[in-house]
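K.L.:
In terms of my numbering, the sequence shown is residues 8 to 162. From the three backbone atoms N, C-alpha and C, an ideal C-beta is built for every residue, glycine too. Fair warning: this is a prediction, and the values are worked out from it, not measured in the lab.
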Amino acid sequence: MGLGHQGVPLSLCNQHLGSLVRTHGIAVRRCRAGTRQWAERFTRRERVRTGKVGAIALHHVPVRSDAGYAVALHEIGHLVSRGQAGPVESDALALQLGRARMLSDYYLGDELDAWFWARDHALCWTRAMAKEAHQSLRSYAPPRRWQLGLHFIVA
């Protein structure tokens, strides 16, 4: 999937997202613009109660842009990618304090892995999607902490 102009109509992207959340058992919620979009893996008790593995929260459902599609795929990736290491206690404190420099390599690895998953599972990967991934990763750490990961997402 090369970079370029949108090659797939948003209606198909939304159908793809719908198929992924149904297949993987993911609840979809809305969150206010200006807040972070997120993914949450449910506890065993919540999984039994809801029949879902977790939830994602997005600004717009259905998505309205390439970037929104990329973010939705990224959040799904947090729940279904086998490369996710899981949370580290210190990361919750770093996020609460707004101190991205304190985030563990595990946290950064999970972010990068979820973007890899998004790119690998997207119907197309556009410049707008790559830009969204790049900006998201840079909000957590400077490029030197990502090493080769940013090149893969943007290339």
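So does the segment 115 to 129 actually touch the segment 73 to 83, counting three or more Cβ pairs closer than 8 Å?
P.N.:
yes
K.L.:
Under the rule that 16 or more other beta-carbon atoms within 10 Å means buried, what is ALA162, buried or exposed?
P.N.:
Position 155 of the sequence shown, counted from the start, is the residue given in the question as residue 162. Caution is warranted here: a pLDDT of 46 is assigned to ALA162, below 50, making its placement in the model unreliable, and no coordinate value can be reported.
K.L.:
Among the candidates HIS67, THR50, HIS81 and GLY32, whose CA atom is the shortest distance from the CA of GLY41?
P.N.:
For the purposes of this step, residue 41 is identified with residue 34 of the sequence shown, where counting begins at 1. Selected option, being the one with the closest Cα: HIS67.
K.L.:
Going by Cα to Cα distance, which pick from GLU82, VAL70 and ALA99 is closest to VAL60?
P.N.:
Mapped onto the sequence shown, residue 60 falls at position 53. Taking only the C-alpha atoms, the option nearest VAL60 is GLU82.
K.L.:
Out of ALA64, LEU65 and THR50, point me to the one whose CA is closest to GLY58's CA.
P.N.:
Locating residue 58 in the sequence shown gives position 51, where the first residue counts as 1. With distances taken between Cα atoms, GLY58 lies closest to THR50.
K.L.:
Check each candidate in PRO69, CYS131, ASP120 and TRP132 and name the one with the smallest Cα separation from TRP153.
P.N.:
Numbered from 1 along the sequence shown, position 146 holds the residue referred to as residue 153. For TRP153, the nearest C-alpha among the options comes from ASP120.
K.L.:
Please list, in chain order, all residues of the same chain as ALA92 whose beta carbon is under 7 Å from its beta carbon, the five residues on each side excluded.
P.N.:
Along the sequence shown, one-based indexing puts residue 92 at 85. Once the five neighbours on either side are set aside, the close Cβ partners of ALA92 are TYR113, GLY116 and ASP117.
K.L.:
Kindly identify the DSSP beta-bridge partner or partners of ARG51.
P.N.:
Your numbering for residue 51 matches position 44 in the sequence shown. BP columns for ARG51 are empty, so no partner.
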